[in-house]
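Chains as they are written, first to last, in this note's numbering: chain W, 10 to 290; chain B, 303 to 629. The C-beta atom is built at its ideal place from N, Cα and C for all residues, glycine as well. Here the structure is a predicted model, which is why all the values come from computation and not from measurement.
Okay, here's the thing in structure tokens:
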């Protein structure tokens, strides 16, 4: 391990809460990958005789209206949450970065053409636009990912464009050009790596918001469709039993809150860890 | 010696709302292979713009809003007119045959790339080395610019280097393509005095070893004095005096050059003595004064200096000046 990595790691570990955040996120990833290991029952297994049971040793977080174990359903729900959160943001980053690079680097008409389209997308409220896409193309996990990605592309394009414009007149960019670099080298060796800090932060925060949007869409019945469990659609069913089974509505709500909070915190720490200029202290 | 770079009647202009700024207005000079040419003049006299023109970085392709164009002239380098080359051809010259280092080493290195990689990128690009050979060459270059324990420092980031060390790294990167011409644009201005001397010694040593020509730009006559074979003095976009270094210091012919030399503080001077300065300010380059551009600030200006522009005339061995008066 290089000297530098050790320093970075040490700095990260000094922050005790980091362990909690990393732990929760790792747990979510693990649950998404191997839900059958973490969960105690299959997500659709019904125990009609135990409907709407409060939390107990048998059902850690109680049961829903069909007697399904809420804890197990939450665990099985993480797969779709992680898939939508990471998938939509990854897609948005992959499309948004090249658009932002082109717009910021070449400027002029190309910039105007790209950015006016992004502005048009940005002028719609996020959830409304996602709803519109789902309503048009139908509700499915893939469409949820695509619609959230679509809504997010302009945010990344705009962020990257701004960074490129700010970095273009840095001396090391001029120095790289003086050293004989062509446009591609200049973009991918001199400019993009220096713009990565804010992109990573925005992406991590984006995952948090994507989870929220997915939950919102599923809550409205337009996101992930039963029988696939997602925290959003669990919340939707749970609201009918809020007075006689409050633990039912609480569990997915707390999970959404936790996941969003953890990804937000992770975004902040990643920013510090990734920026070499912040490593100096 | 053969002529490496020949600049002929170079005119570089920047359009602005108020009019055209003639930053470089008809400058001609040449650089011989292996020599050091010092270029001095105050801020805004066109030193850097001349060099950016040689590099064909005007207009800056990344910042077209800054505008600027090379309005006329020729820049001959090894028999080719650089101004006539297509951009891909020019890229093969930049960093390869002509390299450049800048004033501020703190901002001229890519902060997110390890030093070794910044070197090997240039080496592989210009010399087609494989990664292993490029790494060895990078190490050799770092040792050449006298960076202590170079092997360990290849994996360091720029922020881990001091200002003087960074300028050494910049020089190593500039040497990556074995250039025939190194343009050093105020290479020591951002460094403190002891480090300045080290960097200048390093440049002199490298030149003796590698035989490249150097154009050393500075507003500091002391920096230029020790290193240059010949010195060009620029004022308001014009070349006003060109002479061998010793002749320039012994017999400065242009009133501006003499005023500049006069303004250099000397260690022996008493404290009560005021520093000599040149009254007035450099002229507006949108509407420069008619005749000689220095006449409003010149204490020996005559009537014809106001009307007629003095041509560059030869007054001695390799010594020419743009002034009517003989001194």
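Query, Result
"Same chain, Cβ closer than 6 angstroms to residue 559 (chain B), five either side skipped, listed in chain order", "535, 543"
"Candidates B:346, B:341, B:379: closest to residue 358 (chain B) by CA position", "B:379"
"Three CB pairs or more closer than 8 angstroms across the stretch 205-225 of chain W and the stretch 270-282 of chain W", "yes"
"Neighbour-count burial assignment, residue 26 (chain W), 16 or more Cβ in a 10 Å radius", "exposed"
"Whole-angstrom distance between residue 505 (chain B) and residue 466 (chain B), CA atom to CA atom", "13 angstroms"
"DSSP state of residue 219 (chain W) mapped onto helix, strand, coil", "helix"
"Backbone CA spacing between residue 317 (chain B) and residue 190 (chain W) [nearest angstrom]", "27 angstroms"
"Local Cβ density within 10 Å of residue 289 (chain W), reported as buried at 16 or more and exposed below that", "Confidence at residue 289 (chain W) is low in this model, with a pLDDT of 45, below 50, so its placement is unreliable and no value can be given for it."
"Where the stretch 397-430 of chain B meets chain W: residues whose CB sits under 7 angstroms from a CB there", "397, 398, 402, 404, 406, 409, 410, 411, 412, 413, 414, 415, 423, 424, 427, 428"
"C-beta neighbour in chain W for residue 468 (chain B), strict 8 angstroms", "no"
"Bridge partners - residue 543 (chain B), DSSP secondary structure assignment", "B:535, B:623"
"Cβ of residue 290 (chain W) within 8 angstroms of any chain B Cβ", "Unreliable positioning characterises residue 290 (chain W) in this predicted model, as indicated by a pLDDT of 39, which lies under 50. The coordinate reading is nonetheless provided below. False, the Cβ-Cβ gap to chain B never drops below 8 angstroms."
"Coil, strand or helix - residue 323 (chain B) by DSSP", "strand"
"Alpha-carbon to alpha-carbon, residue 393 (chain B) and residue 355 (chain B)", "14 angstroms"
"Proximity below 8 angstroms, CB of residue 632 (chain B) to CB of residue 375 (chain B)", "Residue 632 (chain B) is absent from the structure shown; chain B starts at 303 and stops at 629."
"CA nearest to the CA of residue 464 (chain B), picked from B:450, B:578, B:545", "B:450"
"Continuous alpha helix (DSSP H) assignments of at least 4 residues falling wholly in the stretch 87-132 of chain W", "117-131"
"Beta-ladder partner(s) of residue 379 (chain B), from DSSP", "B:307, B:382"
"Pairwise C-alpha distance: residue 336 (chain B) and residue 482 (chain B)", "8 angstroms"
"Residue 357 (chain B): contacting residues in chain W (beta-carbon distance under 7 angstroms)", "187"
"For residue 484 (chain B), the residue or residues it bridges with in DSSP", "B:401, B:516"
"Contact the stretch 200-207 of chain W vs the stretch 168-188 of chain W: 3+ CB pairs below 8 angstroms", "yes"
"Contact with chain W by residue 393 (chain B), beta-carbon distance below 8 angstroms", "yes"
"Residue 372 (chain B) - partner residues in DSSP beta bridges", "B:314"
"Stretch-stretch touch, CB-based, cutoff 8 angstroms, three pairs: the stretch 338-348 of chain B with the stretch 511-531 of chain B", "yes"
"With 16 other Cβ atoms within 10 Å as the buried cut-off, status of residue 494 (chain B)", "exposed"
"Residues of the stretch 195-209 of chain W whose Cβ lies closer than 7 angstroms to any Cβ of chain B, in chain order", "198, 199, 202, 203"
"Identity of the residue in B:386, B:315, B:323 nearest residue 589 (chain B) by Cα", "B:323"
"Within 8 angstroms, strictly: CB atoms of residue 446 (chain B) and residue 474 (chain B)", "yes"
"Span separating the alpha-carbon of residue 586 (chain B) from that of residue 594 (chain B)", "13 angstroms"
"Length-filtered (3 minimum) beta strand (DSSP E) runs lying within the stretch 430-506 of chain B", "483-487"
"Alpha carbon of residue 225 (chain W) to alpha carbon of residue 232 (chain W), nearest angstrom", "8 angstroms"
"Contacting residues, own chain, Cβ-Cβ under 8 angstroms from residue 192 (chain W) (five flanking each side not counted)", "114"
"Terminal residues of the alpha helix (DSSP H) in which residue 251 (chain W) lies", "That residue, residue 251 (chain W), is in no alpha helix (DSSP H); it is neither H nor E in DSSP."
"Between the CA atoms of residue 334 (chain B) and residue 528 (chain B) - distance to the nearest angstrom", "18 angstroms"
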